[in-house]
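Quick note on my numbering: the sequence shown kicks off at 3 and runs consecutively.
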Amino acid sequence: MFLALSVNQNKLITKLCNGEVVPDSKDAQQALSLLGLDDQVVRSKNGLHLAKTIRLIDAARVQGAVNAGVTFEHHLLIDSTNNALMAKPPSKNRLACVAEMQGAGRGRRGRAWVSPFGQNLALSFIGDIDLAMNQLGGLSVVIGIELAQALRDLGFEEVGLKWPNDLVTQAGKLGGVLIELDQLPGRSSRVCVGVGLNVTVAPSFQEIDQMAVALGRELVSRTELAIRFIDAIDTVLSQFSPVMMSQYQARWASLDLFYGKSVRVLQGDEVVMGRDDGIDMTGRLVLDVEGDLRAFNAGEVSLRGSEL
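Okay, here's the thing in structure tokens:
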């Protein structure tokens with residue numbers, strides 16, 4: 003069973019992160035243990051404090067900066083930001099949620115997303131879109147494009163994409179996107195977009211079975227990253243249409259770090275070798291296999307550089 007923090011524990015941890023001293027209590031010790039902060043605690047006759055302050059995401063600043071109509075939630079510990087939003091009853095309201103730490107964060111194909119407290123960005127956004135689920139084939143790659151562009155606009159020029167929407171650099175994976183859909187009555191859909199971004203700390207190869215990297219530079223705060231990502235996702239969900247895919251095909255080619263290169267696609271037990279030829283009008287990966295163009299659906303394949 004997932005263990006959440008109590009109201010009092012949330013207050014204690016917030017004070018500790020801000021550099022304050024709190025009483026050495028069972029509540030504080032349990033909260034620190036849940037968050038993996040035990041080894042960062044300094045004990046004195048006055049109580050407990052952290053050896054180094056932790057800069058939490060500024061919830062008030064995010065709420066004040068995002069588009070009108072978006073409600074923002076900030077959690078210290080939660081099982082999953084996507085789960086939290088998907089569990090809410092259907093509503094016309096647009097909701098965004100971030101967590102300093104997730105107990106059950108996940109990515110595509112059910113992979114766990116591992117991240118220490120207060121170091122990276124775990125964010126979800128949920129809203130309705132006036133399209134049926136079968137019209138949303140390109141949505142996944144469009145969101146990836148806009149998030150990668152948001153990072154480049156902030157000065158991270160090395161960030162690109164790996165199909166369908168992994169945020170990557172030449173050194174490894176930086177983050178990923180998980181999209182969950184619900185068909186609503188009529189021809190509209192509920193879309194929940196979850197984003198995990200390695201800001202300060204990247205998981206080890208053993209934890210995720212692939213090379214990972216973090217932004218690693220204090221160019222922008224996690225608060226600013228949250229604002230940019232929420233605005234990007236909100237804009238996509240309010241404007242997306244299948245007819246937009248022609249313009250996104252060209253943008254994809256400029257961001258895809260594998261474009262024009264030899265790659266291998268793993269589809270079940272089959273390994274397909276070919277040249278990355280971009281995406282089609284539904285967001286499918288197109289591979290040139292000895293002159294024959296083949297398209298692959300998101301969620302069915304795993305893309306790797308042929309040299310890996």
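Think of the CB as a built atom: it goes at the ideal place given N, C-alpha and C, for glycine as much as any other residue.
Annotated three-state conformation of Leu-78 is coil, per DSSP. Going by DSSP, Ala-124 is part of the beta strand (DSSP E) stretching over 123 to 131. The alpha-carbon separation between Val-72 and Asp-132 amounts to approximately 17 Å.
Annotated three-state conformation of Gly-174 is strand, per DSSP. Val-143 places its beta carbon 7 Å or farther from that of Gly-38.
Excluding residues up to 5 positions away in sequence, Asp-26 lie with their Cβ nearer than 7 Å to the Cβ of Arg-45 in the same chain.
Secondary structure at Thr-202: coil, using DSSP grouped into helix, strand and coil.
Just measuring C-alpha positions, the residue of Leu-221, Val-222 and Val-203 sitting nearest Met-213 is Val-203.
For Asp-278, the CB contacts under 6 Å within the same chain, skipping 5 residues up- and downstream, are Phe-260, Tyr-261, Lys-263 and Val-265 in chain order. CA-CA distance, Asp-294 to Gly-162, rounds to 26 Å. By alpha-carbon distance to Ala-134, the top candidate from Ser-240, Arg-192, Arg-230 and Asp-282 is Arg-192. Annotation for Val-23: no alpha helix (DSSP H) segment contains it, and DSSP assigns it neither H nor E. Listed as beta-bridge partners of Thr-73 by DSSP are Leu-97.
If you look at Val-273, you'll find it isn't in any alpha helix (DSSP H); it sits in the beta strand (DSSP E) that goes 272 to 281. Annotated three-state conformation of Ala-214 is strand, per DSSP.
Arg-45 carries a strand assignment under DSSP once its states are collapsed to helix, strand and coil.
Rounded to the nearest whole angstrom, the C-alpha separation of Val-179 and Phe-231 is 11 Å. Rounded to whole angstroms, Leu-199 and Gln-32 show a C-alpha spacing of 27 Å. Ile-281 is positioned such that its CB atom lies closer than 7 Å to that of Gln-251.
Taken atom to atom, the span from the alpha-carbon of Ala-98 to that of Arg-224 is near 15 Å. Proximity to Glu-160 across Glu-148, Leu-176 and Asn-167 peaks at Leu-176, based on C-alpha coordinates.
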